[in-house]
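In our numbering, the protein residues as written are 1 to 207.
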Amino acid sequence: MSTAPTSGNARTRRTLAVGVAALAVAAAGCGGSSSGSGNASKPVSPNKAEVSPAGDIPDNQAYVAYTPPRGGYSVKVPEGWARKRSGASTTFTDKLNSITMEAVPAQVALTTGDAKRTELPKLAKTVKGFQAGKVKSVVRSAGPAVRITYLSAGRPDPVTGKARPQAVERYVFFHKGRDVVLTLSGAKGADNVDPWKIVTDSLRYTR
């Protein structure tokens with residue numbers, strides 16, 4: 001009488017064990033699938049933080065007016081930049097950026113057509129790595145000007161030593177028999193639209 005119940009209990013325990021094991025396998029499979037789905041929906045970017053291109057002029061940069069000796073005009077330049085004079089031109093530099101200003105005799109105002117015919121060929125011969133951009137008429141506070149954009153070979157980065165192409169904007173203003181030329185240069189890819197607008201809008205004639 002005791003043999004049959006013992007065999008039945010054993011079969012019952014084996015059946016329960018198999019059922020529990022099957023449920024455990026199914027649960028593990030569901031958990032793995034859920035985890036994989038979760039990871040796929042949340043990709044991890046190794047470069048999540050944005051880095052501003054080298055050469056960006058800070059938004060909080062202060063500017064001061066500068067009047068070249070016997071220049072007859074003034075221009076606001078970023079405070080703290082190094083200054084260097086060479087003949088009739090004055091250049092301010094900081095890292096990868098520069099601003100050069102000069103006044104030269106002129107009989108009439110430069111036109112976009114004149115700039116394409118005469119200025120671009122001159123720049124192609126004198127500027128290392130010259131790549132022509134656009135020539136167009138613009139208006140600033142001091143009046144109309146011709147803006148010439150182009151690329152040039154860059155100076156080595158003072159930190160990395162690597163050279164980057166320079167994006168150049170050259171503005172030619174005409175006033176009382178003279179051209180006032182402002183040449184603004186910065187690393188290609190840097191966002192200096194607003195600073196360059198501040199500088200070119202600040203031109204004032206003193207005579």
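Think of the CB as a built atom: it goes at the ideal place given N, C-alpha and C, for glycine as much as any other residue.
Computed from a predicted structure; not experimentally measured.
Query, Result
"How many angstroms separate the CA atom of Y205 from the CA atom of R164?", "34 Å"
"According to DSSP, is I57 helix, strand or coil?", "coil"
"Using DSSP with H/G/I as helix, E/B as strand and the rest coil, what is P156?", "strand"
"For the alpha helix (DSSP H) that contains K197, what are its first and last residues?", "V193 to D201"
"For the beta strand (DSSP E) containing L182, list its first residue and its last residue.", "R178 to A187"
"Between T149 and P105, what straight-line distance do the alpha-carbon atoms span, to the nearest angstrom?", "22 Å"
"Among K95, V168 and Y66, whose alpha-carbon lies nearest the alpha-carbon of S89?", "Y66"
"Under 9 Å between the Cβ atoms of V199 and V64?", "no"
"May I ask you to report which of helix, strand or coil DSSP gives R207?", "coil"
"Quick one: using the 10 Å Cβ neighbour count with 16 as the cut-off for buried, is S185 buried or exposed?", "buried"
"Whole-angstrom Cβ separation of S152 and K128, contact assumed at under 8 Å?", "6 Å"
"Can you give the Cα-Cα distance for L123 and T111, rounded to whole angstroms?", "16 Å"
"By alpha-carbon positions, which one of G55, M101, A187 and V138 ends up nearest to A167?", "A187"
"Would you report the Cα separation of D194 and N97, rounded to the nearest angstrom?", "14 Å"
"Taking Cβ positions, are V172 and V181 nearer each other than 9 Å?", "yes"
"Drop a sphere of 10 angstroms on the beta-carbon of R70, count the other beta-carbons inside from all chains shown, and report buried for 16 or more, exposed for fewer.", "exposed"
"In the DSSP assignment, the alpha helix (DSSP H) including R125 goes from what residue to what residue?", "Arg is not the amino acid found at residue 125; the sequence shown has Lys there. Run containing K125: L120 to T126, per the alpha helix (DSSP H) assignment."
"So which of T100, I57, R117 and G87 has the shortest CA-CA distance to E169?", "T100"
"Quick check on E119: buried or exposed, where buried means 16 or more other Cβ atoms within 10 Å of its Cβ?", "buried"
"So T67 is in the beta strand (DSSP E); what residue range does that whole segment cover?", "Where T67 is concerned, there is no enclosing beta strand (DSSP E), given that its DSSP letter is neither H nor E."
"Would you identify the three-state DSSP class for G113, choosing helix, strand or coil?", "helix"
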